[in-house]
DNA sequence: GGGAGATCGTTAGCTTGGCTAACGATATCT
DNA sequence: AGATATCGTTAGCCAAGCTAACGATCTCCC
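Protein chains in written order, with our numbering: chain X, 127 to 275; chain A, 127 to 275.
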């Protein structure tokens, strides 16, 4: 099947593009003093409202011990707060502080600023195409996530 | 400008999509016993022919010490070989072994297999759209790469 | 009510991958 | 020949991923 060969080449390119994109974006994120995984987790907390640590770990597709450390780092920087649950005391809820909100939007602005110069040369039509591509990737990821290895 | 707001949201989504995509793909790559950075470097060596360590580091946008370790790992697994340069003895050329070629295409097959089930439900048209999106991302990365922070 | 088992977050300890600084070996330029 | 530049490595730091093991808590069932 021709579709298979296309998929093969496409998978490689997608993989490579994602790697190199993240390497570029990481540079900007470094400027905020917050690493990419932390920023990503913070983003989930900010937009997804307060979550338990376990929920956050699942959302970020990471094991609980990893999330414990990420949250500890964020907490040490004053970007999130841990809050105990009175009804089920095993749970810890994570919520963003005002500083967390601020840092997130600052980082976002920085990233956009960087992208802006590149996007400035993109036609509106290309923007739409890119948006479509991003949507497709999200769908792909979602459809992969269910399946076991 | 409206374009700016679009870019902002798009940047976020692109960022997030890339992160989650890589997390998924990494699972497959783990099955080959070769980590993503090593696989990426190996891919460059396989397709780009023998390179010096410095060239490889630049290609992967990583500092030389990091590449030294990645290459050392690959070499220990018998996937690449170091070869001295007789004319300029400071240089070390990196070339893929037959095993390196084999492992790379096996990993690629694995990745494709995973993607295949997701892609199987994608229409040909969507494939084309995705391909276009990937191309745009590559262009974006390329245009960002030049600029300093 | 009370014990068995499940669940949640943490701790401990390992590996990898990123960095900078410093160094030895080699080339190159004056 | 000697100063300078370049290349790769070593040493040492930190973040982020994992598994295993644990304490605290909750739930379920007798």
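Cβ coordinates follow ideal geometry from the N, Cα and C atoms, glycine included.
Quiz item: When we look at the beta-carbon of residue 183 of chain X and count the other beta-carbons within 10 Å, is it buried (16 or more) or exposed?
Solution: Residue mapping note: residue 183 of chain X aligns to position 57 of the first chain, counting from 1. Buried, because 16 or more other Cβ atoms sit within 10 Å of the Cβ of residue 183 of chain X.
Quiz item: Is residue 240 of chain A close to chain X, meaning its C-beta is less than 8 Å from at least one C-beta of that chain?
Solution: To locate residue 240 of chain A, count along the second chain from 1; it is residue 114. Interface residue, yes.
Quiz item: Does the count of Cβ pairs from the region 207-216 of chain X and the region 228-240 of chain A closer than 8 Å reach three?
Solution: no
Exercise. Check whether the Cβ of residue 138 of chain X lies closer than 8 Å to any Cβ atom in chain A.
Key: Here residue 138 of chain X refers to the residue found at position 12 of the first chain. Residue 138 of chain X counts as touching chain A.
Exercise. Quick one: give me the first and last residue of the alpha helix (DSSP H) that residue 171 of chain X is part of.
Key: Within the first chain, the letter at position 45 stands for residue 171 of chain X. Residues 162-174.
Practice problem: Report the three-state DSSP secondary structure of residue 208 of chain X (helix, strand or coil). | Solution: As a working note, residue 208 of chain X is residue 82 in the first chain. It is a strand residue.
Quiz item: If you compare alpha carbons, which of A:177, A:138, A:264 is closest to residue 252 of chain X?
Solution: Stepping through the first chain from its first residue, residue 252 of chain X is reached at position 126. It is A:264 whose Cα lies nearest to the Cα of residue 252 of chain X.
Quiz item: Just checking my contact of residue 150 of chain A with residue 267 of chain X at CB under 8 Å: how many whole Å lie between their CB atoms?
Solution: In the second chain, residue 150 of chain A corresponds to position 24, counting from 1. In the first chain, residue 267 of chain X corresponds to position 141, counting from 1. Confirmed, Cβ separation roughly 6 Å.
Exercise. Could you tell me whether the Cβ of residue 259 of chain A comes closer than 8 Å to any Cβ of chain X?
Key: The sequence position of residue 259 of chain A within the second chain is 133, counting from 1. By this cut-off, residue 259 of chain A is an interface position.
Quiz item: Does residue 146 of chain X have its Cβ less than 8 Å from a Cβ in chain A?
Solution: Your numbering for residue 146 of chain X matches position 20 in the first chain. Yes, contact with chain A.
Quiz item: Along chain X, which residues have their Cβ under 8 Å away from the Cβ of residue 255 of chain A?
Solution: Residue 255 of chain A sits at position 129 when you count from the first residue of the second chain. Result: 255, 258, 259, 262.
Quiz item: What distance in whole Å lies between the Cβ atoms of residue 168 of chain X and residue 222 of chain X, which are believed to be in contact at a cut-off of 8 Å?
Solution: Position 96 of the first chain holds residue 222 of chain X. Position 42 of the first chain holds residue 168 of chain X. Yes, they are in contact, since the Cβ atoms of residue 222 of chain X and residue 168 of chain X sit about 7 Å apart, within 8 Å.
Self-check item: Rounded straight-line distance, which links the Cα of residue 232 of chain X to that of residue 228 of chain A
Solution: Position 102 of the second chain, counting from 1, holds the residue named residue 228 of chain A. Position 106 of the first chain, counting from 1, holds the residue named residue 232 of chain X. The alpha-carbon atoms of residue 228 of chain A and residue 232 of chain X are separated by roughly 45 Å.
Quiz prompt | Proximity of residue 164 of chain X and residue 196 of chain X at Cβ, strictly below 8 Å | solution = Locating residue 164 of chain X in the first chain gives position 38, counting from the first residue. Locating residue 196 of chain X in the first chain gives position 70, counting from the first residue. Yes; because the gap between Cβ atoms is below 8 Å, this pair is in contact.
Quiz item: In chain X, which residues lie with their C-beta within 7 Å of the C-beta of residue 270 of chain A?
Solution: Residue numbering aside, residue 270 of chain A sits at position 144 when the second chain is read from its first letter. Neighbours of residue 270 of chain A on chain X, chain order: 150, 240, 244.
Quiz item: Under a three-way DSSP split, which group does residue 146 of chain X fall into?
Solution: Looking up residue 146 of chain X in the first chain gives position 20. Residue 146 of chain X falls in the helix class under three-state DSSP.
Quiz prompt | Chain-order list of residues whose beta-carbon lies under 7 Å from that of residue 275 of chain A (same chain, five-residue window excluded) | solution = Working through the second chain from its first residue, we reach residue 275 of chain A at position 149. In this prediction, residue 275 of chain A scores a pLDDT of 37, lower than 50, which makes its location untrustworthy; no coordinate-derived value is stated.
Quiz item: Using a C-beta cutoff of 8 Å, does residue 267 of chain X count as contacting chain A?
Solution: Here the question's residue 267 of chain X lines up with position 141 in the first chain. Yes, its Cβ sits closer than 8 Å to a Cβ of chain A.
Self-check item: Identity of the residue in X:172, X:218, X:143, X:141 nearest residue 194 of chain X by Cα
Solution: Walking along the first chain from the start, residue 194 of chain X turns up at place 68. Ranking X:172, X:218, X:143, X:141 by Cα distance to residue 194 of chain X puts X:218 first.
Quiz item: Does the beta-carbon distance from residue 259 of chain A to residue 256 of chain X come in below 8 Å?
Solution: Counted from its first residue, the second chain places residue 259 of chain A at position 133. Counted from its first residue, the first chain places residue 256 of chain X at position 130. Yes; because the gap between Cβ atoms is below 8 Å, this pair is in contact.
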